[in-house]
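S.K.:
Residue numbers (the numbering used here): 9 to 288.
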């Protein structure tokens, strides 16, 4: 039996599947991926695979070849920083790839080897449904360890991803990481600690005038907020040097200082916005 192979269909199918695999894998791993790199890798890998199939090189397509393709894709897209990261990304990527390829094989067999654009449409549908399911799963309670650096001092805090946290700093429009004062104490200037210890943080002018460190004074931000039982309030915040969340580093994040405890049972001491994890 002669099977016709159309290069354009094969390229499009592989491109969609590759992008779907990257999208699902990056959400499982909670890492940010450059959209340009993601698209470029999707195009290159799909083009290489298509050329292998339609040319005499198809005899070289085997498990070893596919591992090489996937490894190149993994390194270029996710940029693992250590062997452990590489192993973790590789296992996740391979599992997602296996699942996606199994679905694709099922679809092609279902239509009795009549390769058509219906497979492409179904691939889009599967990708979209996977995205919805992952979004639902991401809404469950997830905690992250954050390392906040400020003036060569670092504190580690445990944060909850709060999907309802839409607090932004009004000037830069950056999302705010809200953290308890007690968790941030080790990186704050002595004068600011003294003000909070004496419960004078409501006096904004005193805070600004009392801080002698010019660098920290310039980093202070006043963040308006609303909360239950309080229509309008002002939160003192500051611009930290960086915040590391897993393998992601946020430069110049806005940190809001919260006087009260964020968790009744002490499970976390900071709140993250989904935007800090690349969400929308």
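No residue lacks a Cβ here, since even glycine has one placed at the ideal position from N, Cα and C.
#1: Would you give the residue range spanned by the beta strand (DSSP E) that residue 184 belongs to?
#2: Given that a residue counts as buried once 16 or more other Cβ atoms are within 10 Å of its Cβ, and exposed if not, what is residue 236?
#3: Considering just the uninterrupted stretch of the alpha helix (DSSP H) at residue 54, what are its terminal residues?
#4: Out of curiosity, what's the CA-to-CA distance linking residue 41 and residue 206?
#5: Around the C-beta of residue 39, are 16 or more other C-beta atoms found within 10 angstroms, so that it is buried, or is it exposed?
#6: Give every residue of the same chain whose Cβ lies closer than 6 Å to the Cβ of residue 173, excluding the five residues on either side of it in the sequence, and list them in chain order.
#7: If you compare alpha carbons, which of 18, 265, 44 is closest to residue 30?
#8: Write down the C-beta distance between residue 19 and residue 58 rounded to the nearest angstrom, noting that I regard them as a contact closer than 8 Å.
#9: Mind checking who residue 151 pairs with in its DSSP beta bridge?
#10: Mind checking whether residue 196 and residue 184 have CB atoms under 7 Å apart?
#11: Mind checking which residues open and close the alpha helix (DSSP H) that includes residue 267?
#12: Compare the Cα-Cα distances from residue 103 to each of 204, 242, 37 and report the closest residue.
#13: Less than 7 Å between the C-beta atoms of residue 23 and residue 54, yes or no?
#14: Could you please give the first and the last residue of the uninterrupted beta strand (DSSP E) stretch that includes residue 258?
#15: Suppose you measure from the CA of residue 15 to the CA of residue 27; what does that come to, to the nearest Å?
#16: In terms of residues, what are the limits of the alpha helix (DSSP H) holding residue 29?
#17: Could you tell me which of 99, 62, 46, 265 sits nearest to residue 81, measuring between CA atoms?
#18: Tell me residue 196's beta-bridge partners as DSSP assigns them.
#19: Which residue's Cα is closest to the Cα of residue 249: 79, 194, 260, 193?
M.R.: With the structure as the only source:
#1: Start at 1 with the first residue of the chain shown, and residue 184 comes out as number 176. Where residue 184 is concerned, the enclosing beta strand (DSSP E) stretches over 184 to 188.
#2: By one-based count along the chain shown, residue 236 stands at place 228. Residue confidence is low: residue 236 scores 49 on pLDDT, short of 50, so the model does not pin down where it sits. No coordinate-derived value is stated.
#3: In the chain shown, the residue the question calls residue 54 occupies position 46. Unbroken alpha helix (DSSP H) run through residue 54: 43 to 62.
#4: Counting from one through the chain shown, the residue named residue 41 turns up at place 33. Counting from one through the chain shown, the residue named residue 206 turns up at place 198. One C-alpha to the other measures close to 45 Å.
#5: Against the chain shown, residue 39 aligns to sequence position 31. It is buried - the Cβ of residue 39 has at least 16 other Cβ atoms within 10 Å.
#6: As a first step, residue 173 must be located in the chain shown, where it is residue number 165. Same-chain partners within the cutoff: 279, 281.
#7: Within the chain shown, the letter at position 22 stands for residue 30. Residue 30 has its Cα closest to that of 44, out of 18, 265, 44.
#8: Residue 19 sits at position 11 when you count from the first residue of the chain shown. Residue 58 sits at position 50 when you count from the first residue of the chain shown. Between residue 19 and residue 58, the beta carbon gap of about 5 Å places them in contact (Cβ cut-off 8 Å).
#9: Against the chain shown, residue 151 aligns to sequence position 143. For residue 151, which the question treats as bridged, DSSP gives the partners 168.
#10: To locate residue 196, count along the chain shown from 1; it is residue 188. To locate residue 184, count along the chain shown from 1; it is residue 176. Going by C-beta atoms, residue 196 is not nearer than 7 Å to residue 184.
#11: Taking the chain shown and counting its residues from 1, the one referred to as residue 267 is at position 259. Element bounds for residue 267: n/a, residue is neither H nor E.
#12: Here residue 103 is taken as the residue at index 95 of the chain shown, counted from 1. Ranked by Cα distance from residue 103, the first of 204, 242, 37 is 37.
#13: Here residue 23 refers to the residue found at position 15 when the chain shown is read from its first residue. Here residue 54 refers to the residue found at position 46 when the chain shown is read from its first residue. With contacts defined as CB atoms closer than 7 Å, residue 23 and residue 54 qualify as a contacting pair.
#14: Walking along the chain shown from the start, residue 258 turns up at place 250. Counting along the chain, the beta strand (DSSP E) containing residue 258 begins and ends at 256 to 259.
#15: Translated into positions along the chain shown, residue 15 becomes position 7. Translated into positions along the chain shown, residue 27 becomes position 19. Between residue 15 and residue 27, the alpha-carbon positions lie close to 18 Å from each other.
#16: Here residue 29 refers to the residue found at position 21 when the chain shown is read from its first residue. That run of the alpha helix (DSSP H) goes 15 to 37.
#17: Against the chain shown, residue 81 aligns to sequence position 73. Selected option, being the one with the closest Cα: 46.
#18: As a working mapping, residue 196 is identified with position 188 in the chain shown. Residue 196 is not bridged to any residue.
#19: Here residue 249 corresponds to residue number 241 of the chain shown, with the count starting at 1. The shortest C-alpha separation from residue 249 is found at 260.
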